[in-house]
Amino acid sequence: MSKKAGWYERINPVVRGIPPSGIRKFFDMVTEMKGVISLGVGEPDFVTPWHIREGCIYSLEKGYTMYTSNQGLLELREEIVRDLDISYSVTYDARREILITVGVSEGLDLAIRALVSPGDEVLIPEPSYVSYAPTTTLAGGVPVTMPTTVENDFRLTAEIVEKRITPRTKILLLCYPNNPTGAVLRRRDMLEIAEVVRHHDLIVISDEIYDKLTYVGSHTCFPSIPGMQDRTVLLNGFSKAYAMTGWRIGYAAANPYFIEAMNKIHQYGILCAPITAQMAALEALKNGRDGMVRMVQQYNRRRHMVMQSFKEMGLHCFEPGGAFYAFPDIIPTGLAAEEFAERLLREEKVAVIPGNAFGPSGEGFVRCSYAASMEDLGEAFRRMTSFVRRSGVRPKTVVNL
Amino acid sequence: MKELLDLLESNARLTESEIAVMLKMDEEEVRGRIRELERNKTILRYITLVNWEKVGEEKVSAMIEVRITPQRDVGFDAVAERIYRFPEVRSVRLLSGTYDLGVFIEGRTMKEVSHFVATKLSTIDGVISTTTHFVLKTYKQDGVIIEDDEEDRRLVVSP
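Chains as they are written, first to last, in our numbering: chain G, 292 to 692; chain P, 20 to 178.
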């Protein structure tokens, strides 16, 4: 680091002010070690289904290597519209209301940049995925976090939202099913939140990347709540449901004004999402449903197994209704989240992510991804159990009534 | 019920308690259901898929197309039965297309297999013709890729 040359000071102060990701530090530690079982991975352990990969190879053979329109292949947009209609009965115009993005990450950035003026406040539930607040800050907005608690199953309620609203509040960000907690919102929660949104005339950005991975009840797509579609930017993609993380392909659905504004930024910054990934996404939507359902079924079995393991271990873990994460309460071990994760890694070679990497309200919890094989999960939980035992936690006697 | 069968089909060694946890069922209930499925022959047998080459065991297998004359009242069934009773025969299926039965045979040597086809199979009354295809290499069997080199290439930690 040649700080002397003054390069560091010449970096945009906004960028300088963004703290480094809490995960990256941990990443460096893990990569040095051998024999680690990682429950720290935020992506499916399945490889993209073969028919999707094969579809992409075929498209390459056919010479599909050119740009697409800025908005993305119309055929793909039409399939997305069809999927949204079938899954949630929400209707979008493929020509004017859908934009294909480079993952939900780009969609989020576009939505925030297109809508946030300097000083505008963006309400963000917490704990949540690491990029919402920095993206807001980079756009000149002010992230206002809304801590959720385990007592409330990490659900966001209308009351929590209402409390944080100021005259500068412009956007409410929703991210359910939630990473890292696995929390889902009930339709009733959404209806109540929608009431607040309407009352304060807010715009909603709803990141629903884990929608298909819902195990308890069925997912409610926020735009399907009466009156919400027009004021919501729906973000989704293919990474989780179709195990396509590395393809970097997602989409945004919103009213034509928002999409046009987002497309302006997108056309200069990105031009278009890679055509190979778009072709693969098309194949996923056309023929991927059965494979996706099978993967979801497997996640659900693992989820049951993980819940049982925590119970036997003596750590309380609220039942996650979606995504592929469990978020156990590690306070009984007497360790802070980072300490727990670091020692578990050093002593038992199991990687989990400290909850506070997802915001201060994640302190006292760790995120365990169950996107891992049954064998790995079994071994990881055996190791974790002996670690937790050493810290003096005993399982509560289970009384069968 | 179907999910339970799904699980056992992919791994017959899962214990009843493991299955109970995965499907969020009672262990007693799982045991009862499996017993019932075994009794009514929905579950026929628990099989281990072995790669015999790994222990130096040379086996020869062949797929034999068999054309037969169907018989009054029983159709193809009687001839099929005479064939599938032989222990050398691993599987027998009635197929649509240019031949009738697809018969899979396993033996120690090519000679042994050919001998079986010549003396036992083709001499059965009602068998019109046979065409033998020896297996040169198995890539995938019962849904399992024999030499699968796909591994977990994910980063160990990601948000």
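Note that beta-carbon positions come from the ideal geometry of N, C-alpha and C, so glycine has one too.
None of these values were measured; they are calculated from a predicted model.
Whole-angstrom distance between I500 of chain G and A617 of chain G, CA atom to CA atom: 17 Å
Mind pulling the chain G residues with CB within less than 8 Å of M129 of chain P? Those within 8 Å of M129 of chain P in chain G number zero; the least Cβ separation is about 34 Å.
Among P:G145, P:R52, P:L120, nearest to R91 of chain P - alpha-carbon criterion: P:G145
Pull up the distance between the alpha-carbon of N691 of chain G and that of K531 of chain G, whole angstroms please. Summary for N691 of chain G: the model assigns pLDDT 45, below 50, so the residue's position carries little reliability, and this model does not support an answer.
Using a Cβ-Cβ cut-off of 7 Å (strictly less than) and excluding sequence neighbours within five positions of T359 of chain G, which residues of its own chain qualify? C563, I566, Q569
Quick check on R507 of chain G - is its C-beta less than 8 Å from some C-beta in chain P? One detail in the question is off: residue 507 of chain G reads as Val in this sequence, not Arg. False, the Cβ-Cβ gap to chain P never drops below 8 Å.
For S422 of chain G, which of helix, strand or coil comes out of DSSP? In the structure shown, S422 of chain G sits in coil (DSSP, three-state: anything other than H, G, I, E or B).
With 8 Å as the C-beta to C-beta threshold (strictly closer), list the residues of the stretch 587-602 of chain G near chain P in chain order. Q588, R592, R593, H595, M596, Q599
Return the Cβ separation of V679 of chain G and M604 of chain G in integer angstroms, given the expectation that the two are a contact with Cβ distance under 8 Å. Indeed they touch by this definition, with Cβ atoms about 5 Å apart.
Note down, in chain order, all residues in the stretch 433-449 of chain G with a beta-carbon under 8 Å from any beta-carbon belonging to chain C. In the displayed structure, chain C is absent; the protein chains listed are G and P.
Report the partner residues of Q90 of chain P according to the DSSP bridge assignment. P:G94
Using 8 Å as the Cβ pair cut-off and three pairs as the minimum, do the stretch 318-328 of chain G and the stretch 431-446 of chain G touch? no
Buried or exposed: S497 of chain G, going by 16 or more other Cβ atoms within 10 Å of its Cβ? buried
Please name the residue in G:H607, G:E639, G:G655 whose C-alpha comes closest to that of L626 of chain G. G:G655
Quick one: what does DSSP say L140 of chain P is sitting in, helix, strand or coil? Assignment of L140 of chain P by DSSP, reduced to helix, strand and coil, places it in the helix class.
Note down, in chain order, each residue of its chain lying with its Cβ closer than 6 Å to the Cβ of L493 of chain G, except the 5 sequence neighbours on either side. L463
Per DSSP, what kind of secondary structure is R54 of chain P in: helix, strand or coil? helix
Neighbourhood of T536 of chain G by C-beta, 6 Å cutoff - its chain only, sequence neighbours within 5 removed: The beta carbon of T536 of chain G sits closer than 6 Å to the beta carbons of E334, S530 from its chain, once the five residues preceding and following it are set aside; these are given in chain order.
Per-residue burial, H675 of chain G [other beta carbons within 10 Å of its own, 16 or more giving buried]: Note that residue 675 of chain G is Met in the sequence shown here, rather than His. Classification for M675 of chain G: buried.
Minimum Cβ-Cβ distance from L692 of chain G to chain P less than 8 Å: Unreliable placement is indicated for L692 of chain G, whose pLDDT of 45 sits below 50; no coordinate value is reported for it.
Range of the contiguous beta strand (DSSP E) that encloses M437 of chain G: 433-438
Between V332 of chain G and A648 of chain G, is the Cβ-Cβ spacing less than 8 Å? Cβ atoms of V332 of chain G and A648 of chain G: not closer than 8 Å.
At a cut of 8 Å, does the stretch 132-146 of chain P reach the stretch 90-110 of chain P through at least three beta carbon pairs? yes
In angstroms, rounded to a whole number, what distance separates the CA positions of D119 of chain P and F135 of chain P? Approximately 19 Å between the Cα atoms of the pair.
Taking 8 Å as the cut-off, decide whether the C-beta atoms of D480 of chain G and D171 of chain P are in contact. Result no, Cβ atoms of D480 of chain G and D171 of chain P do not sit closer than 8 Å.
Selection from G:K602, G:D374, G:R637 that minimises the alpha carbon distance to P686 of chain G: G:K602
Note down the Cα distance separating I561 of chain G from P611 of chain G, rounded to an integer number of angstroms. Here the alpha carbons of P611 of chain G and I561 of chain G stand approximately 36 Å from one another.
Helix, strand or coil for T359 of chain G per DSSP? coil
Throw me the rounded Cβ distance for the Y542 of chain G and I389 of chain G pair, which I believe falls under 8 Å. 6 Å
State the CB to CB distance for the pair D502 of chain G and H490 of chain G, rounded to an integer number of angstroms; the pair is presumed to be in contact (CB under 8 Å). Not really, about 26 Å apart at Cβ, beyond 8 Å.
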